[in-house]
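J.:
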Amino acid sequence: MNRWIRPVNVTLLALLVITTASGGLAFLVGAEPFSGGVVAVHGASGLGLLVLVPAKVRIARRGLRRPGRSRKVISLAFTVSVGLAVGSGLLHAIGGFRPYLGLLPMQIHVGAALVAVALLVGHVVMHHHHRRAPSRGGVGGRGAGSGWRPLLRRTDVDRRVALRGAGVVAAAAVLWTVAPGRERRFTGSHQVGSGDPAGMPVTNWLFDPVPVLAAAQWRLRLPGNVLDLAALDARPQTTLRAPRSCSPPRRPGARSRPATVARRGSWSRGGAVSGG
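Start counting at 1 in the sequence shown, then tack on 445, and there's your number in this note's numbering.
Right, here's the structure in full:
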């Protein structure tokens with residue numbers, strides 16, 4: 446194996462691990478400055494994969510000439526899933542909340558990433574597990590069997606490899622800085638459908654049921670007060686414009702009419718919304 450092949454593969458593996466870990470972490474954090482740093486690491490490491498595409502293509506061409514159908518199938522499927530994950534991630538960053546063929550870019554991104562993780566495990570196993578031929582020696586010689594090639598070696602962290610890795614990191618950071626993208630809040634949200642309720646996106650948290658509320662049964666329960674829609678409409682109205690991120694049923698930039706209710710007297714402590 447040429448000297449440049451292992452550094453490329455090890456760097457790709459490191460970027461894939463960082464990208465996957467930071468992507469999962471991005472779903473768990475939502476406060477600045479930590480969330481912004483996690484998203485930046487996720488985006489830069491994903492773009493870093495593109496930097497190594499030319500080198501990996503050369504390696505893959507050699508691998509496809511070797512025997513072994515299952516290895517080729519897993520490798521090709523893994524390549525497609527990573528390509529979908531990176532491509533849909535770029536589409537989400539540039540195009541924002543817009544469905545394609547009934548799917549959002551983020552849905553494709555997460556789905557392809559999960560498939561890629563499973564295929565990565567199979568890819569690594571098939572490329573690092575090998576059959577051991579029996580030794581020619583007599584007593585004390587090892588018999589036939591199987592073993593594992595080391596995933597990392599001491600030579601993988603020498604000075605030359607470190608410099609190449611630093612170059613990839615620098616190139617990825619530059620791509621992240623200059624890549625176009627929509628203006629977003631630190632949570633990753635951008636404005637959609639402000640002032641147009643029909644154009645507001647329908648979103649929901651991962652495991653939450655879709656809320657279905659009947660107007661006649663809807664109640665706003667406050668300390669010492671229960672109000673229906675008619676009672677709210679009878680109160681003095683004001684209009685506020687405020688960003689709302691991932692908070693159904695309000696959307697980013699939505700206008701809130703009964704905002705005065707939560708600010709009056711003893712009601713300023715807030716209350717609960719009930720559908721029954």
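C-beta atoms are modelled at their ideal positions from N, C-alpha and C, and glycine is treated no differently.
Considering only C-alpha positions, which residue in the set GLY669, ARG666, ALA489 is nearest to ALA459?
T.: For the purposes of this step, residue 459 is taken as residue 14 along the sequence shown, with counting starting at 1. For ALA459, the nearest C-alpha among the options comes from ALA489.
J.: Check each candidate in ALA485, ARG507, ILE450, ALA466 and name the one with the smallest Cα separation from ALA558.
T.: The sequence position of residue 558 within the sequence shown is 113, counting from 1. Checked all of ALA485, ARG507, ILE450, ALA466; the closest Cα to ALA558 is ALA466.
J.: Do you know offhand how far GLY493's Cα is from LEU677's?
T.: Translated into positions along the sequence shown, residue 493 becomes position 48. Translated into positions along the sequence shown, residue 677 becomes position 232. For GLY493 and LEU677, the distance between alpha carbons rounds to 53 Å.
J.: Can you tell me where the beta strand (DSSP E) with VAL671 in it begins and where it stops?
T.: Start at 1 with the first residue of the sequence shown, and residue 671 comes out as number 226. Per DSSP, VAL671 belongs to the beta strand (DSSP E) from 670–672.
J.: With 16 as the cutoff for other CB atoms within 10 Å, does PHE523 come out buried or exposed?
T.: Here residue 523 refers to the residue found at position 78 when the sequence shown is read from its first residue. Counting Cβ neighbours within 10 Å, PHE523 comes out buried, since at least 16 surround it.
J.: Suppose contacts are defined by Cβ-Cβ distances below 8 Å. Is VAL453 in contact with ALA500 by that definition?
T.: Residue 453 sits at position 8 when you count from the first residue of the sequence shown. Residue 500 sits at position 55 when you count from the first residue of the sequence shown. Their beta carbons are under 8 Å apart, which means VAL453 touches ALA500 by this criterion.
J.: Ignore the nearest five residues each way along the sequence and tell me which others in LEU497's own chain have a CB closer than 7 Å to its CB.
T.: In the sequence shown, the residue the question calls residue 497 occupies position 52. Counting only Cβ-Cβ distances below 7 Å, and skipping sequence neighbours, we find VAL453, THR456, LEU457, VAL613.
J.: Reducing DSSP to helix, strand and coil, say where LEU565 ends up.
T.: Counted from its first residue, the sequence shown places residue 565 at position 120. DSSP places LEU565 in helix when its eight states are reduced to three.
J.: Report the residue from ALA616, LEU674, VAL483, VAL569 whose alpha carbon sits nearest the alpha carbon of LEU665.
T.: Here the question's residue 665 lines up with position 220 in the sequence shown. With distances taken between Cα atoms, LEU665 lies closest to LEU674.
J.: So is GLY644 buried or exposed if we call it buried at 16+ other beta carbons inside 10 Å?
T.: Here residue 644 is taken as the residue at index 199 of the sequence shown, counted from 1. Its Cβ having fewer than 16 others within 10 Å, GLY644 is exposed.
J.: Which residues bound the beta strand (DSSP E) around ARG666?
T.: To locate residue 666, count along the sequence shown from 1; it is residue 221. ARG666 -> beta strand (DSSP E) spans 664–667.
J.: Would you kindly report the start and end of the unbroken alpha helix (DSSP H) that includes PRO452?
T.: As a position in the sequence shown, residue 452 is number 7, starting the count at 1. Its alpha helix (DSSP H) spans residues 450–471.
J.: Provide the residue span of the alpha helix (DSSP H) that contains ALA505, from first to last.
T.: Looking up residue 505 in the sequence shown gives position 60. Segment 498–509, the alpha helix (DSSP H) holding ALA505.
J.: Quick one, which of GLY491, ALA687, ARG451, ILE463 has its alpha-carbon nearest VAL619's?
T.: Counting from one through the sequence shown, the residue named residue 619 turns up at place 174. When each option's Cα is compared against that of VAL619, the closest is GLY491.
J.: Could you check where the alpha helix (DSSP H) with ARG514 kicks off and where it finishes?
T.: Translated into positions along the sequence shown, residue 514 becomes position 69. Segment 514–540, the alpha helix (DSSP H) holding ARG514.
J.: Suppose the cutoff is 7 Å on Cβ atoms and the five residues either side in sequence are ignored; what does the same chain contact list for VAL462 look like?
T.: If you number the sequence shown from 1, residue 462 lands on position 17. Closer than 7 Å at Cβ, skipping near neighbours: no residue.
J.: By the three-class DSSP mapping on this structure, what secondary structure does LEU685 have?
T.: Within the sequence shown, residue 685 is the residue found at index 240, counting from 1. In the structure shown, LEU685 sits in a strand (DSSP, three-state: E or B).
J.: In whole angstroms, what is the alpha-carbon distance linking LEU667 and GLN682?
T.: Numbered from 1 along the sequence shown, position 222 holds the residue referred to as residue 667. Numbered from 1 along the sequence shown, position 237 holds the residue referred to as residue 682. If you take the alpha carbons of LEU667 and GLN682, they lie about 18 Å apart.
J.: Below 8 Å on the Cβ atoms is my contact criterion, and I expect PHE542 with LEU535 to pass it. Report the Cβ-Cβ distance as a whole number of Å.
T.: Looking up residue 542 in the sequence shown gives position 97. Looking up residue 535 in the sequence shown gives position 90. Actually they do not touch by this definition, with Cβ atoms about 15 Å apart.
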